[in-house]
Amino acid sequence: MIRFKNLTKRYEGGGGISDFSFEVEEGEVFGLVGSPGSGKSTALRMLMGFELPTKGRCAINGKDCVNMGIALHRDIGYLPDKIALPSALTGRQFLLSNAELRGMKNMEYLFRLAKKLDLEVDERIGSMTSASVQKTGLVCAMMHNPPVILLDDPFRNLDSKARSVLVDLILEEKEKGKMVLLTSDTVDIADLTCDRVGLLDKGNMVYLGDIENVRENMFRRYLVQFGSSRAAMEFSSEPFEIKSMKDRNLVVSIQGELLPLLRALSKYYVTSIEPVPLSLEETFVHIYGGEVYA
Amino acid sequence: MLSIPILKQDFLINKKAILVCYACQFFSLLLATVIRAMRLMQISDIFWDTIPVVIVPMAMQIVLAHEVVRKCEADKTMDFLLSASVSPAQVITTKAGFLVINMFFLFALSLLYGCVTHVYDLTGVWNGNTYIVLNLGGMCLHLFTGGWCFLISCMGRTEKPLFYWMAGAGPLVLFYIVYLTYYLGPPQLFFLQYITVFSLFRQAMFANASLAVLPFCVLLAALGVACFWGGRRLFCGRSLRI
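So the sequences go chain by chain: Y and X.
Each residue of the first sequence is one higher than the one before, counting from 113 in my numbering.
Each residue of the second sequence is one higher than the one before, counting from 1037 in my numbering.
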């Protein structure tokens, strides 16, 4: 179990996290969601023992992360945020040197992970795309098959295919009973894998709960393109919140389930539906109404 | 205790920079051979105070100290190292060891080449002892330059490399320019020798191969060790507990 108890970290120049208390159980995927600077990475770095708490404590399986940091690292896979990695090495050289450092003998799982993520390990990191660098970091974090996985913004730079592979990987790890704690700056990303989420705003946890609750309260916007402007006009009289309308394009806002919208749209000739990303601030206001109730 | 996988990784990452420095050193020694063959004593005297003993090794230390600590932190390689059940003390000691080992091999190769080709020939007669003492002095000097850069590299977690170049490489280059101004300038500038650490290593003084150079070597080495120790403390203090 990962446990945060009244954990606080304050930096001289401001920022950090304030009074975190929550737990992540075995076989659970937990998401920390917040804008950049909200304290997501700090929380993960404190679990790694890279930062000393100002107050409170955090522990993994009963072992304090500050005092037992190094011993705990054997059981943790950690992906830092915004990785670049040494450009002179190939993916293989980087991964194998880290595997050697961990004392790994069997590299089968490492190469299986790389294959799943479609990572060309013999490419030089300097000539890799940012997606491939991210994949190299992911393989490095998970190659030793750790029971605790901490992923700081794991979906960053990944294309939709790699995202879907990573979602499968995370869910597989969950099936194996592992604890996964990941961070994201959008609720939609957390929605792909997480059982529970904590929403962070300026170092405070403003919401902590099941992803289902978030999903029910969450507003989503879709850009719907109709076959004709007349169809779009007719649809605008349906009981949905229309955010904008231009020719045969409508932006519809819905809360919770998507099914009522799909039912209504089934009566019209629709050429495409695309999600319109909401800003995190808008999402937060919809979910917790600006009130802190973690 | 040094970690062999970290040493190997650092060597792979910095292979190109190391090879460039070794090539520069080799060419500077070839140049020294030419100077000796042409009996250009005046140039030879200045030459041994500059390129092979000071400039090339110092450039190597400045570049490598940046690459093994600062850059490693910026590209998050350090986070991967620290998350691999290796103590921060071992990680940073290995990084310091990497700098010292590279500097040692650079001087060892210079020594070997110089002894084979009798390249250090200021008085017209080859004297192996003076050349060995000169290189030992150079090693002590660069234990300090490497230690200084390492200390600055371990300071703070600022993402901007400017701090390193201003506070690490900058003062070293400045002190060396001050030393050269004193060494090559008019006698009125004698006071400059007291404000630069490079005065502790004067080729002319080391060329006598006397015991008088021992305190200077010890002082330079002690300053170097203190800087490495300080860097290690800083790194461990702001990261995991030792």
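Note that the Cβ used here is the ideal one computed from N, Cα and C, for glycine as well.
Exercise. List the whole-angstrom C-beta distance separating Y:Met327 from Y:Asp303, where the pair is believed to meet the contact cut-off of C-beta under 8 angstroms.
Key: Note that residue 327 of chain Y is Arg in the sequence shown, not Met. The Cβ separation is near 6 angstroms, so the contact holds.
Exercise. Below 6 angstroms CB to CB, which residues in the same chain sit around Y:Gly249 once its five sequence neighbours on both sides are set aside?
Key: Leu191 and Ile195
Exercise. Can you say whether X:Tyr1230 is buried or exposed, counting buried as having 16 or more other CB atoms within 10 angstroms of its CB?
Key: exposed
Quiz prompt | Proximal chain Y residues relative to X:Phe1199, where beta-carbon distance stays under 9 angstroms | solution = Under the 9 angstroms cutoff, chain Y gives no residues; its nearest Cβ is about 15 angstroms from X:Phe1199.
Practice problem: Compare the C-alpha of X:Thr1069 against each of X:Met1139, X:Val1155 and X:Cys1190 and name the closest. | Solution: It is X:Val1155.
Practice problem: Check distances from the C-beta atoms of the segment 207–218 of chain Y to those of chain X and list, in chain order, the residues that come in under 7 angstroms. | Solution: Ser209, Asn210, Glu212, Leu213 and Arg214
Quiz item: Are the C-beta atoms of X:Pro1041 and some chain Y residue less than 8 angstroms apart?
Solution: yes
Quiz item: Helix, strand or coil: how does DSSP classify X:Ala1248 here?
Solution: Three-state DSSP puts X:Ala1248 in a helix.
Quiz item: If you measure from the beta carbon of Y:Phe116 to each beta carbon in chain X, is any gap under 8 angstroms?
Solution: no
Quiz item: Any idea if X:Tyr1219 is buried or exposed, counting beta-carbon neighbours within 10 angstroms, 16 or more meaning buried?
Solution: buried
Exercise. Hey, could you find the ends of the beta strand (DSSP E) X:Gln1061 is sitting in?
Key: Segment Ile1040 to Ala1073 is the alpha helix (DSSP H) holding X:Gln1061; no beta strand (DSSP E) there.
Practice problem: Hey, could you find the ends of the beta strand (DSSP E) X:Pro1207 is sitting in? | Solution: It is not in any beta strand (DSSP E) - X:Pro1207 instead sits in the alpha helix (DSSP H) that spans Gly1206 to Leu1220.
Quiz item: By DSSP, does X:Val1090 sit in helix, in strand, or in coil?
Solution: helix
Quiz item: In chain Y, what lies closer than 8 angstroms to X:Ala1120 by C-beta?
Solution: Per Cβ cutoff of 8 angstroms: His185, Asn210, Leu213 and Arg214.
Quiz item: Name the chain Y residues that come within less than 9 angstroms of X:Lys1051, Cβ to Cβ?
Solution: Ala200
Quiz item: Do Y:Ala376 and Y:Leu362 come within 8 angstroms of each other at the CB atom, strictly closer than that value?
Solution: no
Quiz item: Among the residues of its own chain, which have a CB less than 8 angstroms from the CB of X:Thr1153, if the five just before and after it don't count?
Solution: Leu1065 and Thr1069
Exercise. Compare the Cα-Cα distances from X:Ile1091 to each of X:Thr1129, X:Phe1271, X:Leu1216 and X:Phe1227 and report the closest residue.
Key: X:Leu1216
Quiz prompt | Buried or exposed by the 16-neighbour rule on C-beta atoms within 10 Å, applied to Y:Ile114 | solution = buried
Quiz item: Straight-line CA distance for Y:Leu159 to Y:Cys177?
Solution: 6 angstroms
Quiz item: Nearest CA to the CA of X:Leu1208: which residue from X:Ala1053, X:Cys1060, X:Pro1223 and X:Leu1187?
Solution: X:Leu1187
Quiz item: Which residue from Y:Lys290, Y:Thr154, Y:Lys314 and Y:Ser130 puts its Cα closest to that of Y:Pro259?
Solution: Y:Lys290
Self-check item: Chain-ordered chain X contacts of Y:Ile188 [CB-CB under 8 angstroms]
Solution: Chain-ordered, the chain X residues with CB closer than 8 angstroms to the CB of Y:Ile188 read Ser1119.
Quiz item: Can you find a CB in chain X that lies within less than 8 angstroms of the CB of Y:Cys306?
Solution: Output row for Y:Cys306: interface = no.
Practice problem: Quick one: using the 10 Å Cβ neighbour count with 16 as the cut-off for buried, is Y:Gln367 buried or exposed? | Solution: exposed
Quiz prompt | Top-ranked residue by Cα proximity to X:Ile1098, from X:Ile1082, X:Leu1236, X:Gly1204 and X:Gly1273 | solution = For X:Ile1098, the closest of X:Ile1082, X:Leu1236, X:Gly1204 and X:Gly1273 by C-alpha to C-alpha distance is X:Gly1204.
Practice problem: Under 8 angstroms by Cβ, that's how I've got Y:Thr395 and Y:Val299 pegged, so tell me the actual separation to the nearest angstrom. | Solution: 5 angstroms
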